[in-house]
Amino acid sequence: MKLGIMQPYFFPYIGYWQLINLVDKYVIYDDVNYIKGGWINRNKILINGEATFLNLYLSLASPNKKINEIQIDSGIRNQKNLKRIAMAYKKAPYYEETYPLLEELLTSKETNLAKLNGKIIKEISSYLSMNTEFVYSSEIEKNGHLKGQEKLLDICKRLGASDYYNAIGGKALYDQESFRSEGIRLHFLKTKEIRYKQFDSDFVPNLSIIDLLMFNGREGTKELLKCYTLEE
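At position 207 of the sequence shown (counting the first as 1) the number is 223 in our numbering, and the numbers step up by one without a gap.
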């Protein structure tokens with residue numbers, strides 16, 4: 017069984033979805049500490065030709081809390097996100113196709129950060145015809161005293177993984193021999209260079225999946241899911 021484990025990011029970039037599409041089961045890693053300034057509650061979209069943060073505002077967020085312990089701010093700031101997306105992409109070729117999906121997700125009544133991001137991840141995966149099974153790490157019985165690589169290995173063993181896939185950034189963090197000694201093959205996914213037309217401006221890479229869907233549509237984005245290589 018091919019397994020992936022990642023924190024629940026907010027409308028993440030294409031590499032995140034490539035990883036989901038590659039594995040049989042995907043663990044939404046929600047019982048680790050929230051990282052301020054990361055990708056848990058923000059991502060970048062294209063506004064006036066520049067990469068600009070789209071923020072999900074939180075209530076009393078703290079690095080001392082786990083992701084699944086944080087609530088979303090119910091104030092007006094989050095309600096403006098749809099308007100910002102509409103203003104940024106209303107002339108994009110796949111706006112009419114994509115906007116209803118985003119509207120459904122961003123008007124969700126879910127107030128828990130991990131659950132909302134999990135909903136976003138699951139719904140977009142389904143929209144892109146992925147058949148991956150999802151599970152929250154907080155729902156898995158495991159050794160809560162373990163950290164880092166050892167915690168991931170524990171999850172892999174408990175779920176019966178034969179292969180563990182991680183984004184290429186994990187190559188500096190995880191040791192092949194440690195996984196091999198547990199009978200698990202370790203792989204790293206590296207996204208190929210991806211370029212596409214964004215209005216008439218210079219291409220801005222590494223934006224949210226929102227940008228890919230607006231300019232490539234569902235079918236075009238599904239093709240871009242194949243643009244990666246694997247390393248050991």
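By construction, the Cβ of each residue, glycine as well, lies at the ideal position given by its N, Cα and C atoms.
Which residues in the same chain have their Cβ closer than 7 Å to the Cβ of residue i, if we skip the five residues on either side of it in sequence?
i: Ala-104; result: Ile-61, Leu-62, Ile-63
i: Met-146; result: Ile-36, Asn-37
i: Asp-89; result: Tyr-73, Leu-74, Ser-75
i: Lys-213; result: Phe-231
Could you compute how far the alpha carbon of residue i sits from the alpha carbon of residue j?
i: Glu-248; j: Tyr-180; result: 11 Å
i: Ile-210; j: Glu-198; result: 35 Å
i: Val-39; j: Met-17; result: 8 Å
i: Ile-136; j: Leu-121; result: 6 Å
i: Arg-174; j: Lys-158; result: 8 Å
i: Asp-47; j: Pro-28; result: 19 Å
i: Tyr-50; j: Ile-83; result: 5 Å
i: Lys-167; j: Ile-200; result: 14 Å
i: Thr-148; j: Val-220; result: 29 Å
i: Ile-184; j: Ala-130; result: 23 Å
i: Ser-154; j: Gln-23; result: 12 Å
i: Leu-189; j: Lys-52; result: 20 Å
i: Leu-223; j: Lys-163; result: 30 Å
i: Ala-177; j: Ser-217; result: 44 Å
i: Lys-107; j: Tyr-115; result: 12 Å
i: Gln-87; j: Gly-134; result: 14 Å
i: Ser-78; j: Glu-85; result: 10 Å
i: Phe-195; j: Leu-202; result: 6 Å
i: Leu-246; j: Lys-81; result: 34 Å
Using only the heavy atoms of the ligand MN, determine whether one of them is closer than 8 Å to the beta carbon of residue i.
i: Ile-101; result: Inclusion of the ligand MN in the displayed structure is not the case, the ligand content being empty and no account of it being possible.
Hey, does residue i have any beta-carbon neighbour from chain C nearer than 9 Å?
i: Thr-237; result: Checking the listed chains, one finds no chain C in this structure; it contains a single protein chain.
Is residue i buried or exposed, if buried means 16 or more other CB atoms sit within 10 Å of its CB?
i: Phe-204; result: buried
i: Leu-229; result: buried
i: Ile-92; result: exposed
i: Cys-172; result: buried
i: Tyr-45; result: buried
i: Thr-252; result: Shown here, the chain extends from 17 to 248; a query on residue 252 therefore has no answer.
i: Gly-65; result: exposed
i: Ile-21; result: buried
Which of the three DSSP states is assigned to residue i in this structure?
i: Glu-85; result: helix
i: Met-230; result: helix
i: Lys-18; result: strand
i: Ala-108; result: coil
i: Thr-237; result: helix
i: Ile-137; result: helix
i: Arg-174; result: helix
i: Tyr-180; result: strand
i: Ser-217; result: coil
i: Tyr-152; result: strand
i: Ser-75; result: strand
i: Arg-196; result: helix
i: Glu-113; result: helix
i: Tyr-212; result: coil
State the CB to CB distance for the pair residue i and residue j, rounded to an integer number of angstroms; the pair is presumed to be in contact (CB under 8 Å).
i: Ile-101; j: Ile-225; result: 12 Å between Cβ atoms; not a contact.
i: Gly-233; j: Glu-113; result: 6 Å
i: Leu-144; j: Trp-33; result: 7 Å
i: Tyr-110; j: Phe-215; result: About 13 Å; that fails the 8 Å criterion.
i: Leu-132; j: Glu-126; result: 4 Å
i: Leu-118; j: Leu-98; result: 7 Å
i: Lys-238; j: Val-151; result: Rounded, the Cβ-Cβ distance is 24 Å, inconsistent with contact.
Tell me which residues share the same chain as residue i and place their Cβ nearer than 8 Å to its Cβ, disregarding the 5 neighbours each side in the sequence.
i: Leu-3; result: Outside the shown range of the chain (17 to 248) lies residue 3, about which nothing can therefore be said.
i: Asp-170; result: Lys-158, Asn-159, Leu-162
i: Asn-128; result: Asn-84, Ile-86, Gln-87, Ile-88
Can you list, in chain order, the residues of its chain whose CB lies under 6 Å from that of residue i, leaving out five sequence neighbours each side?
i: Asn-57; result: Phe-26, Leu-72, Leu-74
i: Asn-94; result: Tyr-73
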